[in-house]
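Protein chains: 2
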Amino acid sequence: MKYKISNNVIRRLPRYIRFLELLEASGAVRVSSKELGELMGLTASQIRQDFNCFGGFGQQGYGYNVQQLSEAMSEIMGISHERKAIVIGAGNLGKALIANFKFKKYGYTLTAAFDVCPELVGKKFSRTPVYHIDKLEEYLMKNKVDVAALTLPGETASGVVTRLINSGVPGIWNFTRLEFPATFGPARVENVHFADSLLVLSYALKEKEKEEGGEA
Amino acid sequence: MKYKISNNVIRRLPRYIRFLELLEASGAVRVSSKELGELMGLTASQIRQDFNCFGGFGQQGYGYNVQQLSEAMSEIMGISHERKAIVIGAGNLGKALIANFKFKKYGYTLTAAFDVCPELVGKKFSRTPVYHIDKLEEYLMKNKVDVAALTLPGETASGVVTRLINSGVPGIWNFTRLEFPATFGPARVENVHFADSLLVLSYALKEKEKEEGGEA
DNA sequence: TAGATTGTTAATCGATTAACAATC
DNA sequence: TAGATTGTTAATCGATTAACAATC
Chain A
1 MKYKISNNVI
11 RRLPRYIRFL
21 ELLEASGAVR
31 VSSKELGELM
41 GLTASQIRQD
51 FNCFGGFGQQ
61 GYGYNVQQLS
71 EAMSEIMGIS
81 HERKAIVIGA
91 GNLGKALIAN
101 FKFKKYGYTL
111 TAAFDVCPEL
121 VGKKFSRTPV
131 YHIDKLEEYL
141 MKNKVDVAAL
151 TLPGETASGV
161 VTRLINSGVP
171 GIWNFTRLEF
181 PATFGPARVE
191 NVHFADSLLV
201 LSYALKEKEK
211 EEGGEA
Chain B
1 MKYKISNNVI
11 RRLPRYIRFL
21 ELLEASGAVR
31 VSSKELGELM
41 GLTASQIRQD
51 FNCFGGFGQQ
61 GYGYNVQQLS
71 EAMSEIMGIS
81 HERKAIVIGA
91 GNLGKALIAN
101 FKFKKYGYTL
111 TAAFDVCPEL
121 VGKKFSRTPV
131 YHIDKLEEYL
141 MKNKVDVAAL
151 TLPGETASGV
161 VTRLINSGVP
171 GIWNFTRLEF
181 PATFGPARVE
191 NVHFADSLLV
201 LSYALKEKEK
211 EEGGEA
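What follows is the structure, encoded as structure tokens:
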């Protein structure tokens with residue numbers, strides 16, 4: 001169970017969790033790798049290989065217990081670590097995270113937001129207080145923070161990342177147009193680039209149009 | 001130049017574009033696969049292989065012209081198709097897209113937003129009018145739409161997708177908690193799941209902690 | 001020309017799929 | 001027990017890397 005798990009596998013795990021929760025919600029108690037594969041568009045073989053990176057969750061002749069498997073996957077992703085998050089930048093995207101993102105569901109408590117805008121500082125959104133970004137170090141000194149979500153303009157992001165790392169924040173969830181390396185000094189970074197996915201969609205549309213043009 | 005390009009390559013292209021634009025902005029005129037590889041954390045070999053899926057953009061002994069290459073990549077992604085987009089759901093995330101996302105930069109014009117909320121319907125955000133979702137079919141009848149961004153609650157997303165597809169919208173940019181297949185009937189779908197990336201970050205943090213624990 | 005770097009072929013590596021014995 | 005389905009090994013496939021001749 002303990003060597004290096006490939007990145008491909010890791011990135012499939014959250015997807016497994018989502019589908020398993022869906023199954024759970026629909027009342028399914030057990031699922032076979034074949035059924036799950038059909039649902040998710042994967043081969044049964046791949047699913048079994050993926051799961052067996054972490055040990056045997058199934059039972060021959062039966063399949064997998066949906067709830068048990070779902071919990072095991074969540075556990076592997078570290079959902080029970082009781083982590084703390086902050087949001088930096090309380091613009092629309094920051095507010096979207098504050099108001100709608102289910103931090104709790106993924107093991108996080110959102111403890112604060114930061115912004116420069118005087119109209120926002122001092123307010124609360126969905127019970128999350130907004131502090132001035134100048135108070136960042138002070139806050140980090142007093143409060144453990146595992147992940148900072150960057151929802152601020154790209155121009156200012158670079159400096160903020162330096163400050164976060166200097167204050168020992170280990171996780172950066174980056175929504176800005178900048179990209180930081182996955183391992184950035186002592187920190188771990190996840191970059192989310194909306195534009196990338198829109199471009200991939202554009203490409204798919206182009207391909208589709210070509211196919212249709214070709215057929216006609 | 002014309003067979004099937006692998007998904008891995010396609011998903012790397014937007015990233016190439018981003019780094020090339022960065023280089024361009026920094027005033028670089030030429031770049032070698034070696035330099036670009038060091039910048040992006042890829043091998044020079046892989047970069048040359050990727051580019052050569054689409055034909056020879058470089059020049060032996062010289063490298064690649066940054067601007068030319070960047071434009072060629074953008075072109076491959078179909079950036080010049082002059083596409084139209086709408087946003088469905090004008091909550092925080094919808095507003096974030098409307099206000100901050102550079103649709104133009106990626107070849108899109110954002111033409112409308114839709115919502116159910118009476119406080120929003122009839123208003124404009126950053127020059128984008130918000131219509132009632134009941135008017136969706138009417139709007140789609142009169143206006144070509146290539147991509148609909150779904151920034152509404154998951155509960156209502158499924159029905160909206162059916163309506164979009166019935167009205168012939170070919171592209172779905174899905175930000176809800178639901179997941180649709182990449183090819184969903186005649187439509188092409190890109191799913192964006194914030195939670196997936198946060199979980200991957202959680203996993204990375206867990207690994208980091210384990211390493212540090214191990215060393216100590 | 002000599003040096004650099006591409007485009008491209010060949011080699012390697014890793015990931016996915018297939019197969020099947022183990023076993024519930 | 002017979003049937004189903006896992007866990008796991010072996011085979012295949014595809015993606016990445018290495019190598020090098022072509023050429024700017």
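Heads up: the protein sequence lines correspond to chains A and B, in order.
The opening position of the first sequence corresponds to residue 1 in this note's numbering, with each subsequent residue numbered one higher.
The opening position of the second sequence corresponds to residue 1 in this note's numbering, with each subsequent residue numbered one higher.
Glycine included, every Cβ here is placed at the ideal spot set by N, Cα and C.
- At least one beta carbon of chain B lies nearer than 8 Å to the beta carbon of A/N100.
- Distances from the alpha-carbon of B/V145 to those of B/V87, B/G154, B/E119, B/K206 put B/V87 closest.
- Secondary structure of B/Q59 (DSSP, three-state): strand.
- Contacts with chain B (Cβ-Cβ distance below 9 Å) from the stretch 143-155 of chain A involve D146, V147, A149, T151, P153, listed in chain order.
- The beta strand (DSSP E) runs of length 3 or more contained entirely in the stretch 56-124 of chain A are, from start to end of the chain, 63-65, 83-88, 108-115.
- Rounded to whole angstroms, the gap between the alpha carbons of B/L20 and A/F175 is 19 Å.
- Each residue's CA atom was taken as its position, placing A/L110 and B/F125 some 28 Å apart.
- B/S80 does not reach chain A, its nearest Cβ partner there being about 10 Å away, counting only Cβ pairs nearer than 7 Å.
- Taking the beta carbon of A/K95 as reference, the chain B residues within 7 Å of it are N92, listed in sequence order.
- In this structure the stretch 7-19 of chain A lies against the stretch 71-80 of chain A, because at least three pairs of beta carbons, one per stretch, are closer than 8 Å.
- Between the alpha carbons of B/V66 and B/G213 lies a distance of about 44 Å.
- Looking at B/K123, B/V160, B/F101, the one whose alpha-carbon comes closest to that of B/D134 is B/V160.
- Any Cβ of chain A closer than 8 Å to the Cβ of B/F194 would place that residue at the interface, and such an atom is present.
- Among the CB atoms of chain A, one or more fall inside 8 Å of the CB of B/I10.
- Interface criterion not met: the Cβ of A/K34 is under 8 Å from no Cβ in chain B.
- For B/V192, there is no enclosing beta strand (DSSP E), as DSSP marks it with neither H nor E.
- Listed along the chain, the chain B residues whose CB falls inside 9 Å of the CB of A/K206 are I76, M77, G78, H81.
- Residue contact with chain A for B/Y203: present (Cβ-Cβ distance below 8 Å to some residue of chain A).
- For B/G185, DSSP records no beta bridge to any residue.
- Annotation: the continuous beta strand (DSSP E) that includes B/A149 extends over 147-150.
- By the CB criterion at 8 Å, B/V169 and B/F180 fall outside the cutoff.
- Looking at the backbone, the Cα of A/L152 and that of A/A187 are separated by about 19 Å.
- With its beta carbon less than 8 Å from one in chain B, A/G171 belongs to the interface.
- Separation of A/L136 and A/H193 (C-alpha to C-alpha, rounded to the nearest whole angstrom) is 25 Å.
- A residue is called buried when at least 16 other Cβ atoms come within 10 angstroms of its Cβ; B/S26 does not meet this threshold and is exposed.
- Excluding residues up to 5 positions away in sequence, G37 lie with their Cβ nearer than 7 Å to the Cβ of A/T43 in the same chain.
- Residue pairing for A/G171: DSSP places it in a beta bridge opposite A/V147, A/R188.
- DSSP lists A/N65 as the bridge partner or partners of A/R30.
- For A/P129, no CB of chain B lies under 8 Å from its own CB, so it is not counted at the interface with that chain.
- B/T43 sits in coil when the DSSP states are folded into three classes, being neither helix nor strand.
- For B/Y131, the secondary structure class from DSSP, reduced to helix, strand or coil, is strand.
- For a cut-off of 8 Å, the C-beta gap from A/N92 to B/K95 is around 4 Å, short enough to register as a contact.
- The shortest CA-to-CA distance from A/S167 to any of A/R127, A/E138, A/S70, A/G61 is the one to A/E138.
- The C-alpha of A/A148 is placed about 15 Å away from the C-alpha of A/G185.
- Burial check for A/V130: the Cβ neighbour count within 10 Å reaches 16 or more, so the residue is buried.
- Cβ-Cβ distances below 6 Å link B/W173 to V147, A149, E190 in the same chain, with the five nearest sequence neighbours on each side left out; the list follows chain order.
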